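Taken in order, the sequence shown gives residues 95 to 460; the numbers are from the working numbering. All C-beta atoms in this analysis are idealised placements derived from N, C-alpha and C, irrespective of residue type, glycine included. Source: prediction; values computed, not measured. Working notes, beginning with the structure itself.
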Amino acid sequence: MTLLSTSIKSQVVSPADSEWQRYLDIIPHDFYHLPGYLELEAQRHQGQPEAIAIEDGNRLFFLPYIIRECHQSTDLLALGRTPIYDVISPYGYPGMVTNLAGQNPQFVEKCLNIVYECWYAKNICSAFLRLHPILNHYIDPARSNPDRFTITERGDVVICDLTNDPEAIWKQIRSSHRTKINKLKRAGFGAKIVSIDSLDLFIEIYIETMQRVNANATYFFTREYFQSLFRALGDRLQICVVEIDGETAAASLITEVNGIVQYHLGGTKTKFLPQSPTTLMFDYLMRWGKHRDNQYLNLGGGLGSNRDSLYHFKSGFSNQFASFMTMQSIINKELYTELLHGRATTLNRTMAEFEQTAFFPAYRSS
Numbered sequence: 095m096t097l098l099s100t101s102i103k104s105q106v107v108s109p110a111d112s113e114w115q116r117y118l119d120i121i122p123h124d125f126y127h128l129p130g131y132l133e134l135e136a137q138r139h140q141g142q143p144e145a146i147a148i149e150d151g152n153r154l155f156f157l158p159y160i161i162r163e164c165h166q167s168t169d170l171l172a173l174g175r176t177p178i179y180d181v182i183s184p185y186g187y188p189g190m191v192t193n194l195a196g197q198n199p200q201f202v203e204k205c206l207n208i209v210y211e212c213w214y215a216k217n218i219c220s221a222f223l224r225l226h227p228i229l230n231h232y233i234d235p236a237r238s239n240p241d242r243f244t245i246t247e248r249g250d251v252v253i254c255d256l257t258n259d260p261e262a263i264w265k266q267i268r269s270s271h272r273t274k275i276n277k278l279k280r281a282g283f284g285a286k287i288v289s290i291d292s293l294d295l296f297i298e299i300y301i302e303t304m305q306r307v308n309a310n311a312t313y314f315f316t317r318e319y320f321q322s323l324f325r326a327l328g329d330r331l332q333i334c335v336v337e338i339d340g341e342t343a344a345a346s347l348i349t350e351v352n353g354i355v356q357y358h359l360g361g362t363k364t365k366f367l368p369q370s371p372t373t374l375m376f377d378y379l380m381r382w383g384k385h386r387d388n389q390y391l392n393l394g395g396g397l398g399s400n401r402d403s404l405y406h407f408k409s410g411f412s413n414q415f416a417s418f419m420t421m422q423s424i425i426n427k428e429l430y431t432e433l434l435h436g437r438a439t440t441l442n443r444t445m446a447e448f449e450q451t452a453f454f455p456a457y458r459s460s
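As structure tokens, this is what we get:
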């Protein structure tokens, strides 16, 4: 669907369209932008996967997202109107991607204006998007247009530069971590990549970890979801484990796309927490990623992007950090207020209570 009849070519594409893959073939991207991953995440969110692709001369812009009906937040039939939609990112750090020529503030702002107008025309009332800490490094929150999109820095993620030589990578690891890594090796712990046959083992450790930390329900993925994730990503997805005497102490899912390795999801068996086997896992992943000629390993940040104990642990592996940013917008203020009022009425709350919540969009707050 062409949106403008100017020199800028813009279109909305679905994962089944060949245009989706054509853009990914010429734009640096991560697994979050792959059509199979968008389809999987859209199914989990009961939404529709889409992307907006924009070309302006040699500049390219590509933004994948999930569009959802808002009937889950309030009874739209009671409002007597046609469906209202909102937009979210798939799980992780997707954001928009551009080619090198497209990493231009004026071009990105122009593209976001096109996105805003497209979404307004589709009865979309709000959007909440997570940006990619590496691929969106050029985004400056100070240049965002709050009348359209507000870009907010949420915290830092830890990035390991795998282009450094092995000695430099080892030396930038915190001394206490290096001591622990050596101790784990002497005790017989070892890390390795294993096949999908170990998926159930990973799931068992992951669920145990999520239960132990009282994680939000959204982090409890089903076995069917993980199986579908492997089907969608293929050999871009790996399982890494730390073992001792034939028993798995820690396990994680690792992605590898276009020189970027992501520590996606992971966990540790409770009985092995004192030994901290993840310390050995991160050391292994840096060496594994470098051996395979990758540029970056993203270890992520703390819970909720906070500088907590998890962040402190991860920051002991690298002195390089990247900013994790989100982008949100109330596309249609009238529709947004309508949904907010309907939600407040359904829950017998006041509008003011919802307007004061930090959750966005507020009409989906519990």
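From the DSSP output, in three-state form, read off residue 104 for me.
strand
From the DSSP output, which residues share a beta bridge with residue 221?
181 and 423
Assuming the contact rule is C-beta atoms closer than 8 Å, residue 188 and residue 127 should be a hit. Round their C-beta distance to whole Å, please.
Your pair residue 188 and residue 127 checks out as a contact, with CB atoms roughly 6 Å apart and the cut at 8 Å.
To the nearest angstrom, report how far apart residue 183 and residue 190 are at their CA atoms.
10 Å
Opposite residue 412 in the DSSP bridges: which residues?
According to DSSP, which records beta bridges pairwise, residue 412 is partnered with nothing at all.
By DSSP, does residue 359 sit in helix, in strand, or in coil?
strand
Under 8 Å between C-beta atoms of residue 287 and residue 356
no
At a cut of 8 Å, does the region 250–261 reach the region 381–401 through at least three beta carbon pairs?
yes
Leaving aside the five residues before and after residue 274 along the sequence, list all residues of the same chain whose C-beta is less than 7 Å from its C-beta, in chain order.
370 and 373
Quick one: Cα of residue 426 to Cα of residue 219, how far?
5 Å
Indicate whether residue 415 and residue 267 have their beta-carbon atoms separated by less than 8 Å.
no
With 16 other Cβ atoms within 10 Å as the buried cut-off, status of residue 234
exposed
Just confirm the distance between the C-beta atoms of residue 135 and residue 161, as a whole number of angstroms; I'd bet it's less than 8 Å.
The beta-carbon separation of residue 135 and residue 161, rounded to 12 Å, does not stay under the 8 Å limit for a contact.
Please report the distance separating the alpha-carbon of residue 417 from that of residue 231.
Rounded to whole angstroms, residue 417 and residue 231 show a C-alpha spacing of 8 Å.
Spatial distance of residue 211 from residue 223 (CA atoms):
16 Å
Check the C-beta distance from residue 185 over to residue 327 and give it rounded, since I have them as a contact under 8 Å.
Between residue 185 and residue 327 the beta-carbon gap is near 13 Å, outside 8 Å, which marks them as no contact.
Spatial distance of residue 338 from residue 282 (CA atoms):
6 Å
CA-to-CA distance, residue 423 to residue 209, given in whole angstroms:
11 Å
Whose C-alpha, out of 179, 177 and 123, is nearest the C-alpha of residue 156?
123
Residues near residue 201 in its chain [Cβ-Cβ closer than 6 Å; skip 5 each side]
153
Should the region 291–299 be regarded as contacting the region 341–354, the criterion being three or more beta carbon pairs within less than 8 Å?
yes
Is residue 281 helix, strand or coil when you go by DSSP?
helix
Within this structure, are the beta carbons of residue 237 and residue 206 separated by less than 8 Å?
no
As a quick exercise: from 363, 362, 324 and 384, pick the residue whose alpha carbon is nearest that of residue 353.
384
May I have the straight-line CA-CA distance separating residue 170 from residue 214, to the nearest angstrom?
Confidence at residue 170 is low in this model, with a pLDDT of 49, below 50, so its placement is unreliable and no value can be given for it.
Should residue 120 go down as buried or exposed, given a rule of 16 or more other Cβ atoms within 10 Å for buried?
exposed
Would you mind sorting residue 194 into buried or exposed? The rule is 16 or more other CB atoms within 10 Å of its CB.
exposed
Put residue 396 into one of helix, strand or coil per three-state DSSP.
coil
Using a Cβ-Cβ distance cut-off of 8 Å, determine whether residue 320 contacts chain C.
Protein chain content of the structure displayed is limited to a single chain, and chain C is not contained in it.
Around the Cβ of residue 147, are there at least 16 other Cβ atoms within 10 angstroms (buried) or fewer (exposed)?
buried
Considering only their Cβ atoms, is the gap separating residue 434 from residue 456 smaller than 8 Å?
yes
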